[in-house]
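Numbering (this note's numbering), first residue to last: 252 to 658. Single-structure report; data block below.
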Ligand SMILES: Cc1cc2nc3c(=O)[nH]c(=O)nc-3n(C[C@H](O)[C@H](O)[C@H](O)COP(=O)(O)OP(=O)(O)OC[C@H]3O[C@@H](n4cnc5c(N)ncnc54)[C@H](O)[C@@H]3O)c2cc1C
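Pasting the structure below:
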């Protein structure tokens with residue numbers, strides 16, 4: 252009899268996992284989503300996929316690019332993928348050194364990246380003030396897509412290879428026997444399972460607490476604006492990250508998206524969010540983003556007069572070391588985790604799906620998931636005060652580090 256595999260959560264990660272499991276023929280795969288696919292964090296994601304050199308990130312992103320093409324070819328579902336390239340902006344000597352390190356590694360891989368000055372950056376991005384930066388690293392591989400469409404593409408591909416997708420079905424609890432997963436209890440009844448993958452985004456921690464597992468994952472508020480700049484940005488304008496300024500951005504229907512990885516990020520208790528929290532945003536917080544908007548204006552002066560069309564404040568989960576939790580749940584056989592994406596879930600969804608499929612299959616891993624092992628924090632996830640303090644700091648620290656040091 253085929254193994255019964257349940258995936259809990261229909262965001263971009265859960266759908267990516269379900270497709271990989273079903274495609275490999277690892278069992279009878281059912282994805283259970285409490286609302287509609289993509290309704291948690293995924294729908295409001297900025298959808299950027301940024302390539303950087305570095306052993307972990309590099310391969311995961313290249314696999315994401317291949318997967319996006321393949322999903323569209325196999326399902327006909329467009330993802331909105333637009334290849335734009337990306338500017339990494341630098342002011343200070345240390346940042347420039349970090350980017351030069353990227354450049355050396357890019358060259359070694361044969362990627363046509365290059366270090367450029369402010370004038371050339373301004374030629375590539377029509378709203379960038381040439382003298383506002385000291386240098387930039389032009390990375391030609393990055394782009395963006397529509398995360399809801401990528402989620403739909405994974406779901407269609409998963410269904411084509413036999414996976415079941417059940418929406419509007421809330422998982423209420425996990426059942427175990429003798430240290431092994433036995434199934435799930437849902438709003439629609441019980442479901443037996445030999446393997447369960449928890450991909451419930453910021454709600455994952457709450458699902459595991461009753462089993463005595465305290466994941467080192469906590470949610471923070473995470474922001475971007477859509478600004479109606481004049482002149483409008485051409486579609487396909489190169490996107491940017493500013494690791495020292497903690498900003499990023501891109502074109503969005505002629506307007507400019509500007510997002511922030513703020514210091515002392517505001518933590519949110521996922522269990523205290525209103526229900527249903529589907530296609531829902533958090534309240535605007537202008538004071539929190541003001542310093543970063545100011546830095547963005549100094550580089551892109553057109554932002555100053557641009558009307559803000561949309562303020563997106565959505566929850567995303569982070570871990571103390573800025574790495575996801577992917578792998579076996581400590582102490583319960585047959586229970587797996589694919590959660591806490593540290594604002595990279597769209598980017599990592601393909602690689603994480605592959606990692607989970609390799610683990611469930613027991614085959615040699617294509618991607619090294621050692622650094623993502625959920626057990627790496629031991630029992631420290633029990634300490635909520637510690638956890639909140641750590642994730643509040645990691646949003647900005649992780650962004651600075653990952654965008655300047657190959658990882
Ligand atoms: C403002 C913002 C910008 C971002 N920009 C980027 C970006 O540019 N690039 C990038 O790669 N990433 C980005 N991210 C991060 C990315 O969006 C997330 O990492 C990703 O969407 C997380 O996907 P997920 O599937 O883990 O979680 P979710 O999308 O939250 O999915 C989890 C699902 O589980 C369901 N669920 C929860 N509890 C239960 C239950 N009990 N029973 C059944 N179902 C349940 C939920 O309803 C939800 O649909 C951004 C995030 C934010 C907030």
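Yeah, the Cβ is synthetic: ideal placement off N, Cα and C, and Gly gets one too. Computed from a predicted structure; not experimentally measured.
| query | result |
| --- | --- |
| Could you tell me whether the Cβ atoms of residue 540 and residue 569 are closer together than 9 Å? | no |
| Confirm the yes/no value for this check: CB of residue 286, any heavy atom of ligand 1, distance under 8 Å. | yes |
| Residue 426: which of 644, 356, 443, 330 sits nearest, CA to CA? | 443 |
| Flag residue 427 as yes when its Cβ comes closer than 8 Å to any non-hydrogen atom of ligand 1, and as no otherwise. | no |
| Could you tell me which residues DSSP pairs with residue 474 in its beta bridges? | 511, 564 |
| At what residue ranges does the region 413-437 contain a whole run of the beta strand (DSSP E), taking only runs of 3 or more? | 415-417, 422-428, 431-437 |
| Looking at ligand 1, does it come within less than 8 Å of residue 562, judged from the CB to the closest heavy atom? | no |
| Count the other C-beta atoms from every protein chain shown that fall within 10 angstroms of the C-beta of residue 334, then say buried if there are 16 or more, exposed otherwise. | exposed |
| Following a CB-centred definition, is residue 516 positioned closer than 8 Å to any heavy atom of ligand 1? | no |
| May I ask you to report which of helix, strand or coil DSSP gives residue 658? | Low confidence applies here, because residue 658 scores a pLDDT of 46, under 50, leaving its location unreliable; read the following figure in that light. If DSSP states are grouped into helix, strand and coil, residue 658 belongs with coil. |
| So, residue 399 versus residue 293, is the Cβ gap smaller than 9 Å? | yes |
| Specify the secondary structure class of residue 539 as computed by DSSP and reduced to three states. | helix |
| Helix, strand or coil for residue 528 per DSSP? | coil |
| Under the DSSP definition of a beta bridge, which residues are partnered with residue 255? | 279 |
| Whether or not the region 560-576 and the region 484-494 are in contact is what I'm after, with contact meaning three or more pairs of Cβ atoms, one per stretch, closer than 8 Å; do they touch? | no |
| At which residues does the beta strand (DSSP E) containing residue 579 begin and terminate? | 576-579 |
| Residue 269: buried (16+ other C-beta within 10 angstroms of its C-beta) or exposed? | buried |
| With H, G and I counted as helix, E and B as strand and the rest as coil, what does DSSP make of residue 401? | helix |
| Do you know how far the Cα of residue 617 is from the Cα of residue 609? | 8 Å |
| Does the Cβ of residue 302 lie closer than 8 Å to at least one heavy atom of ligand 1? | no |
| Counting C-beta neighbours from all protein chains within 10 Å, is the total for residue 642 16 or more, i.e. buried, or is it exposed? | buried |
| Taking 9 Å as the CB-CB limit, is residue 624 close to chain C? | Structure shown: chain C not included; a single protein chain is present. |
| Ordered along the chain, which non-local residues of its own chain (more than five positions away) have a Cβ less than 7 Å from that of residue 658? | In this predicted model, residue 658 has a pLDDT of only 46, less than 50, meaning its place in the structure is not dependable enough to derive any value. |
| Take the Cβ of residue 482 as the centre, count every other Cβ of all protein chains shown within 10 Å, and call the residue buried at 16 or more, exposed below. | exposed |
| Opposite residue 586 in the DSSP bridges: which residues? | 447 |
| Under 8 Å from any heavy atom of ligand 1, does the C-beta of residue 366 make it? | no |
| Find out if the Cβ-Cβ distance for the pair residue 487, residue 560 is shorter than 9 Å. | no |
| Runs of 3 residues minimum, wholly inside the region 316-352: which ones carry the beta strand (DSSP E) assignment? | 337-341 |
| With a Cβ-Cβ cutoff of 9 Å, do residue 626 and residue 575 count as a contact? | no |
| Tell me whether residue 537 is buried or exposed, calling it buried when 16 or more other Cβ atoms sit within 10 Å of its Cβ. | exposed |
| Count the C-beta pairs between the region 352-366 and the region 450-469 that are closer than 8 Å, then say yes if the count reaches three, no if not. | no |
| In the DSSP assignment, what residue or residues form a beta bridge with residue 469? | 569 |
| Just to confirm, is the Cβ distance from residue 590 to residue 456 under 9 Å? | yes |
| Assuming the contact rule is C-beta atoms closer than 8 Å, residue 262 and residue 450 should be a hit. Round their C-beta distance to whole Å, please. | 7 Å |
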